[in-house]
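Participant: These protein sequence lines map, in sequence, to chains A, B, C and D. For the working numbering, add 79 to where a residue sits in the first sequence, where the first one is 1. For the working numbering, add 79 to where a residue sits in the second sequence, where the first one is 1. For the working numbering, add 79 to where a residue sits in the third sequence, where the first one is 1. For the working numbering, add 79 to where a residue sits in the fourth sequence, where the first one is 1. Even for Gly, the Cβ is constructed at its ideal location relative to N, Cα and C. Sharing a structure with you now.
There are 4 protein chains.
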Amino acid sequence: MTAVLDPAVADRITAALHSQGLFQHMGARIEEIVAGGLTMALPFRPEVAQQHGFFHGGAIGFLVDNTTTAAAGTVLRPGEAVLTAEYKLNILSAARGGTLVCRASVVKPGRMLIPVEAKVFNRQEDGGEKLVAVGLATIAVIAAERVGGQA
Amino acid sequence: MTAVLDPAVADRITAALHSQGLFQHMGARIEEIVAGGLTMALPFRPEVAQQHGFFHGGAIGFLVDNTTTAAAGTVLRPGEAVLTAEYKLNILSAARGGTLVCRASVVKPGRMLIPVEAKVFNRQEDGGEKLVAVGLATIAVIAAERVGGQA
Amino acid sequence: MTAVLDPAVADRITAALHSQGLFQHMGARIEEIVAGGLTMALPFRPEVAQQHGFFHGGAIGFLVDNTTTAAAGTVLRPGEAVLTAEYKLNILSAARGGTLVCRASVVKPGRMLIPVEAKVFNRQEDGGEKLVAVGLATIAVIAAERVGGQA
Amino acid sequence: MTAVLDPAVADRITAALHSQGLFQHMGARIEEIVAGGLTMALPFRPEVAQQHGFFHGGAIGFLVDNTTTAAAGTVLRPGEAVLTAEYKLNILSAARGGTLVCRASVVKPGRMLIPVEAKVFNRQEDGGEKLVAVGLATIAVIAAERVGGQA
């Protein structure tokens, strides 16, 4: 996964994420895009919390879903698009305050299926990070014209 | 799972969900709570969509996380609380418009771990429903005073 | 999934399973094949046990893997073959003696991906059954000539 | 996970694995045990193959189940035992001949739950390795006297 990422691909992925209603509504932001990997961040605010003031598990799920799918988008060939087939995540620790940072890495750039790993950290103001979740996703590769259909 | 649910338990779960920042921010609502099961709904609006106007996979993940954990909360004994340990979901179809309806059912009310299944439907105005995702979660049972800690 | 299964398809799946070295080595057998579903059984013997004399979790995994993949094989079109992309299982209870019975059902016969659910029961001599595991698998559809390659 | 592993713990885990009927029946062997990690190998033979002569997905599942659970066993406190709660694996490539090598690492040594990651490689005679599967498991910690019960 050391190939340099075409800036046009990075721009297209950035534009797609920024145009998601939920990406904006959650207050997420992209931190880094490389060939085979993507990092997304979600600052804490009450709107993404559960009843005890911690980050909601659904906010972690949103990050794992979105970051793994977008990471898979960095290894496509022309005319291909991605679709989330499935994901699994383990929540390891409650996360409070600061920012959730999800780092996703393509495990193998398959022809039909792209497995992607994710690690989610809770980063505090001082830059300290604690691992709070791990995930594993399967992203399907489809013809770009089939977007909106399903695998 | 046919036992009648204590109304005080239903009220406590309802209050907990309603006090979640993310539950409110997503615009979710509870449709039904029974002993061993819970149904949650999420109406479509651009704030929960991805870039092509479909429900975002992260919205589905939020529903699966929240509905399975709350369903596990219906089978606890006094002094116990629940914590999401992990979940996995498969997205079967793109879902557009209408409402997402997530129905979660406890598979087995274990002492330490409660596995919960979920099915997510896309319900249209005419009442028609299409299955769009299936999930399987593991919810940990902890002492209520340990809430905010982790399994 | 109520369509009648072509007997030639059932015969082909039966022959494929019977020709697996591991199927024979585990002592598995097919109990039922229908369109969209397959049931496989594994009688207890020390060779499939863990150190305390219960069925080994790996024996349950073998059943979930094999039964879900074979169930997906019942809904293919001519020229297609199946490949296990991923599976997840929750073990609910220790299982001892008798037979493990895994019932797999296709959730949706997708073009590229076939999600399949599985339930594993421990059946005793008297016919009584206890649910001991649940699983959820994603089976990839490939062209038959690509068998041995990978999604 | 850099703590040195007590040789008595390594011996106990080794003895437990060697006493499993399925471990012997599959022809598995332990390659390494450290604090927080365990490596298990499974040489190819027809008895662990599927119908096309590749390693069976169930053999990969057996390795992921067994290696992750045993790895969790390296981080217990006195009087504790482990129980496989759930696992998920993605199969990336067909594996043929040589040996399957599964390396499992504890992600976090939790009090109640120990998430463990696994990577499975296909190692050929010349020492070359190809990644063929990745897994993520949740192992429950129970009191040693409850072994045979369930989480």
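#1: Quick one: any contact between the region 203-212 of chain D and the region 147-159 of chain D, if contact means 3 or more CB pairs under 8 Å?
#2: In chain order, what residues of the same chain lie with their CB nearer than 8 Å to the CB of Asp205 of chain C, ignoring the 5 residues before and after it?
#3: Taking 6 Å as the limit between beta carbons, can you name the residues of its chain near Leu101 of chain D, skipping five residues before and five after?
#4: List the endpoints of the continuous alpha helix (DSSP H) containing Leu96 of chain B.
#5: Hey, does Glu208 of chain C have any beta-carbon neighbour from chain B nearer than 9 Å?
#6: Quick one: which residues of the region 115-142 of chain A get their C-beta closer than 9 Å to a C-beta of chain B? List them in chain order.
#7: What do you reckon, are the CB atoms on Thr178 of chain C and Ile112 of chain C nearer than 9 Å?
#8: Start and end of the alpha helix (DSSP H) containing Asp150 of chain B?
#9: Taking CB distances under 9 Å as the criterion, tell me whether Thr217 of chain D reaches chain B.
#10: DSSP three-state label for Gly116 of chain A, please.
#11: Using the rule of at least 16 other Cβ atoms within 10 Å of the residue's Cβ for burial, across every protein chain shown, is His135 of chain D buried or exposed?
#12: Is the distance from the Cβ of Gly189 of chain B to the Cβ of Val226 of chain B below 9 Å?
#13: If you reduce the DSSP assignment to three classes, tell me which class Met80 of chain C lands in.
#14: With a CB to CB cut of under 8 Å and the five nearest residues on each side skipped, what residues in its chain are close to Val143 of chain A?
#15: Taking all protein chains shown into account, do 16 or more other C-beta atoms lie within 10 angstroms of the C-beta of His104 of chain D, making it buried, or fewer, making it exposed?
#16: Please list, in chain order, all residues of the same chain as Arg108 of chain B whose beta carbon is under 6 Å from its beta carbon, the five residues on each side excluded.
#17: Give me the chain C residues within the contact set of Asn169 of chain B, using Cβ-Cβ distance strictly less than 7 Å, ordered along the chain.
#18: Could you tell me whether any Cβ in chain B is nearer than 9 Å to the Cβ of Met80 of chain A?
#19: Any idea which residues DSSP pairs Glu208 of chain D with across the strands?
#20: So, at 7 Å on beta carbons, what are the nonlocal neighbours of Gly158 of chain B in its own chain, with the 5 sequence-adjacent residues on each side left out?
#21: By how many angstroms is the C-alpha of Ala82 of chain D removed from the C-alpha of Pro194 of chain A?
#22: Which residues of chain A have a Cβ atom closer than 9 Å to the Cβ of Ala107 of chain C, listed in chain order?
#23: Relative to the C-alpha of Gly106 of chain D, which residue among D:Ala173, D:Ala128, D:Ile170 is closest?
#24: Quick check on Ala87 of chain B: buried or exposed, where buried means 16 or more other Cβ atoms within 10 Å of its Cβ?
#25: Assuming Arg175 of chain A and Phe133 of chain A form a contact by the criterion Cβ under 8 Å, report the distance between their Cβ atoms to the nearest whole angstrom.
#26: Quick check: is the beta carbon of Ile112 of chain D nearer than 9 Å to any beta carbon in chain B?
#27: According to the Cβ coordinates, are Leu162 of chain B and Ile92 of chain B closer than 9 Å?
#28: Quick one: is Val220 of chain D near chain A, going by C-beta distance under 9 Å?
#29: Would you mind telling me which residues of chain B sit closer than 8 Å to Ala164 of chain D, beta carbon to beta carbon, in chain order?
#30: Skipping 5 residues on each side, what residues in its chain have a beta carbon closer than 6 Å to that of Val202 of chain D?
#31: Between Gly100 of chain A and chain B, is the shortest Cβ-Cβ distance under 9 Å, so that the two count as touching?
#32: Is there a Cβ from chain G that is less than 9 Å from the Cβ of Val186 of chain A?
#33: With distances taken Cα to Cα, identify the nearest neighbour of Phe123 of chain A among A:Val185, A:Val186, A:Ala173.
#34: Under 8 Å between beta-carbons, which chain D residues line up against Asn201 of chain C? List them in chain order, please.
#35: What's the gap between the Cα of Ile170 of chain B and the Cα of Pro125 of chain D?
#36: Please report the distance separating the alpha-carbon of Ala114 of chain C from that of Ala138 of chain B.
Facilitator: Looking at the atomic coordinates:
#1: Two segments are said to touch when three or more pairs of C-beta atoms, one from each, lie closer than 8 Å; by this definition the region 203-212 of chain D does not touch the region 147-159 of chain D.
#2: Stepping through the third sequence from its first residue, residue 205 of chain C is reached at position 126. Excluding the 5 residues flanking it on each side, Asp205 of chain C has no same chain C-beta neighbour closer than 8 Å.
#3: Within the fourth sequence, residue 101 of chain D is the residue found at index 22, counting from 1. Within the same chain, Leu101 of chain D has no close Cβ partners at all.
#4: Reading the second sequence from its first residue, position 17 is the one you call residue 96 of chain B. Run containing Leu96 of chain B: 86-97, per the alpha helix (DSSP H) assignment.
#5: Here residue 208 of chain C refers to the residue found at position 129 of the third sequence. At a cut-off of 9 Å, the C-beta of Glu208 of chain C has no neighbouring C-beta in chain B.
#6: Correct list: Arg124, Pro125, Glu126, Val127, Ala128, Gln129, Gln130, His131, Gly132, Phe133, Phe134, His135, Gly136, Gly137, Ala138, Ile139, Gly140, Phe141, Leu142.
#7: Looking up residue 178 of chain C in the third sequence gives position 99. Looking up residue 112 of chain C in the third sequence gives position 33. Cβ atoms of Thr178 of chain C and Ile112 of chain C: not closer than 9 Å.
#8: For the purposes of this step, residue 150 of chain B is taken as residue 71 along the second sequence, with counting starting at 1. According to the sequence displayed, residue 150 of chain B carries Ala and not Asp. Note, Ala150 of chain B: alpha helix (DSSP H), 136-151.
#9: As a working note, residue 217 of chain D is residue 138 in the fourth sequence. Cβ-Cβ to chain B under 9 Å: yes for Thr217 of chain D.
#10: By one-based count along the first sequence, residue 116 of chain A stands at place 37. Here Gly116 of chain A sits in strand by DSSP.
#11: By 1-based counting over the fourth sequence, the position of residue 135 of chain D is 56. Classification for His135 of chain D: buried.
#12: If you number the second sequence from 1, residue 189 of chain B lands on position 110. If you number the second sequence from 1, residue 226 of chain B lands on position 147. No, Cβ-Cβ distance for Gly189 of chain B and Val226 of chain B is not below 9 Å.
#13: Stepping through the third sequence from its first residue, residue 80 of chain C is reached at position 1. Only weak support is given to the placement of Met80 of chain C: the predicted model assigns it a pLDDT of 47, under 50, and the value that follows is read from those uncertain coordinates. Residue state, collapsed to three classes: coil.
#14: The count along the first sequence starts at 1 and reaches residue 143 of chain A at position 64. Counting only Cβ-Cβ distances below 8 Å, and skipping sequence neighbours, we find Tyr166, Leu168, Cys181, Ala183, Ala197, Val199, Ala212, Gly214, Ala216.
#15: Position 25 of the fourth sequence, counting from 1, holds the residue named residue 104 of chain D. Buried is the call here.
#16: What you label residue 108 of chain B is simply residue 29 of the second sequence in a count that begins at 1. For Arg108 of chain B, where only same-chain residues beyond five positions count, the Cβ hits under 6 Å are Ala120.
#17: The residue you call residue 169 of chain B lines up with position 90 of the second sequence. Residues of chain C passing the Cβ test: Pro194, Leu215, Thr217.
#18: Start at 1 with the first residue of the first sequence, and residue 80 of chain A comes out as number 1. For Met80 of chain A, the predicted model reports a pLDDT of 48, less than 50, meaning its position is unreliable; a value from the coordinates is still stated below. For Met80 of chain A, the answer is no, since every Cβ of chain B falls outside 9 Å of its Cβ.
#19: The residue labelled residue 208 of chain D in the question sits at position 129 within the fourth sequence. Paired residues: D:Arg202.
#20: Counted from its first residue, the second sequence places residue 158 of chain B at position 79. Taking C-beta separations shorter than 7 Å and ignoring five residues to either side along the sequence, the partners of Gly158 of chain B in its chain run Ala222, Ala223, following chain order.
#21: One-based indexing of the first sequence puts residue 194 of chain A at position 115. One-based indexing of the fourth sequence puts residue 82 of chain D at position 3. Pro194 of chain A and Ala82 of chain D have their C-alpha atoms some 31 Å from each other.
#22: Residue numbering aside, residue 107 of chain C sits at position 28 when the third sequence is read from its first letter. Correct list: empty, because the minimum Cβ distance to chain A is about 26 Å.
#23: Stepping through the fourth sequence from its first residue, residue 106 of chain D is reached at position 27. Cα-wise, what sits closest to Gly106 of chain D is D:Ala128.
#24: Reading the second sequence from its first residue, position 8 is the one you call residue 87 of chain B. Per the 10 Å Cβ criterion, exposed.
#25: The residue you call residue 175 of chain A lines up with position 96 of the first sequence. The residue you call residue 133 of chain A lines up with position 54 of the first sequence. The pair is a contact, with the Cβ atoms about 5 Å apart (cut-off 8 Å).
#26: The count along the fourth sequence starts at 1 and reaches residue 112 of chain D at position 33. False, the Cβ-Cβ gap to chain B never drops below 9 Å.
#27: What you label residue 162 of chain B is simply residue 83 of the second sequence in a count that begins at 1. What you label residue 92 of chain B is simply residue 13 of the second sequence in a count that begins at 1. With respect to the 9 Å criterion, Leu162 of chain B and Ile92 of chain B are not classified as neighbours on the basis of their beta carbons.
#28: Stepping through the fourth sequence from its first residue, residue 220 of chain D is reached at position 141. With 9 Å as the cut-off, Val220 of chain D does not count as an interface residue toward chain A.
#29: Position 85 of the fourth sequence, counting from 1, holds the residue named residue 164 of chain D. Within chain B, the residues near Ala164 of chain D are Ala164, Leu192, Thr217.
#30: Within the fourth sequence, numbered from 1, the residue matching residue 202 of chain D stands at position 123. The displayed chain sequence assigns Arg, not Val, to residue 202 of chain D. Excluding residues up to 5 positions away in sequence, Gly177, Thr178, Val180, Glu208 lie with their Cβ nearer than 6 Å to the Cβ of Arg202 of chain D in the same chain.
#31: Within the first sequence, the letter at position 21 stands for residue 100 of chain A. Taking Cβ atoms only, chain B reaches closer than 9 Å to Gly100 of chain A, which makes this a yes.
#32: In the displayed structure, chain G is absent; the protein chains listed are A, B, C and D.
#33: The residue given as residue 123 of chain A occupies position 44 in the first sequence. For the residues A:Val185, A:Val186, A:Ala173, the minimum Cα distance to Phe123 of chain A belongs to A:Ala173.
#34: Locating residue 201 of chain C in the third sequence gives position 122, counting from the first residue. Here the premise fails: no neighbours, minimum Cβ distance about 12 Å.
#35: For the purposes of this step, residue 170 of chain B is taken as the residue at position 91 of the second sequence. For the purposes of this step, residue 125 of chain D is taken as the residue at position 46 of the fourth sequence. If you take the alpha carbons of Ile170 of chain B and Pro125 of chain D, they lie about 36 Å apart.
#36: Locating residue 114 of chain C in the third sequence gives position 35, where the first residue counts as 1. Locating residue 138 of chain B in the second sequence gives position 59, where the first residue counts as 1. About 33 Å.
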